[in-house]
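Residue numbers (my numbering): 17 to 192.
What follows is a short report on a single structure.
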Amino acid sequence: MGVDFSEVAAAAARRRARELGVDCRYVVAELPGAPLRDGCADLVYTGKGALIWLSDLTAWAGDVARLLKPSGHLFVHEAHPMVPLWTWDEDEPRVRPDRGYFDRDHVNDTFPANGAVERQVTLAEIVMAVLSAGLEILHLSEHPEPFWRPDGVEAAAWRGRLPNSFALLARLETRA
């Protein structure tokens, strides 16, 4: 089962599943609130730019826990919450003067989201939302590599000195 809020992404995933001969159904929905039964998933994957659009991380994490089977896993691979702070300057990594790590929202002025408002969260807020939903964190790592690079852009922030992505693996604690 796959869930995406984008019909375009879900259609692409359906095509890919058919190409691979994988029996997988894709639903267009958002978390929280996906119309799926409780305890239906062994794995929930969230990533590649999803968290910045969520208005309530605690509700998202609670819905993830609702969907997971006992001992099911959540895997998150996302842009590091620091990424919106880095400039795309090629010579030196810099913090943008118009952004702050503890700001709540900012306008994304880069492709493909030109003009869209993104939610700024901290890594601690993500971790605490996952823990508050009853999941146990098994792994958390930060990485210098971005998961997305626009064509033709080389930024000094991507040269290994700054966090650009993170991975989190959590397991739903066994229900009593």
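Positions of the beta carbon are idealized from the N, C-alpha and C atoms, including for glycine.
Here the structure is a predicted model, which means the values were calculated and not measured.
Bounds of any alpha helix (DSSP H) do not take in I68, whose DSSP letter is neither H nor E.
Within the same chain, and ignoring the five residues on either side of L73 in sequence, the residues whose Cβ sits closer than 8 Å to its Cβ are L67, V137, E141, I142, A145. For A33, there is no enclosing beta strand (DSSP E); the enclosing alpha helix (DSSP H) has its first and last residue at 23 to 36. Contact annotation: the region 69 to 84 touches the region 41 to 51, with at least three C-beta pairs closer than 8 Å. Taking all protein chains shown into account, A149 has 16 or more neighbouring C-beta atoms within 10 Å of its C-beta and is therefore buried. Per DSSP, V43 is one residue of the beta strand (DSSP E) stretching across 42 to 44.
Residue range 181 to 188 is occupied by the beta strand (DSSP E) that includes A186.
Taken in chain order, the complete alpha helix (DSSP H) segments of 4 or more residues contained in the region 130 to 164 are 139 to 148.
Residue environment: L188 is assigned as buried (16 or more neighbouring CB atoms within 10 Å of its CB, all protein chains considered).
The DSSP assignment places 84 to 95, 121 to 123 as complete runs of the beta strand (DSSP E) inside the region 59 to 127, in order along the chain (cut-off: 3 residues).
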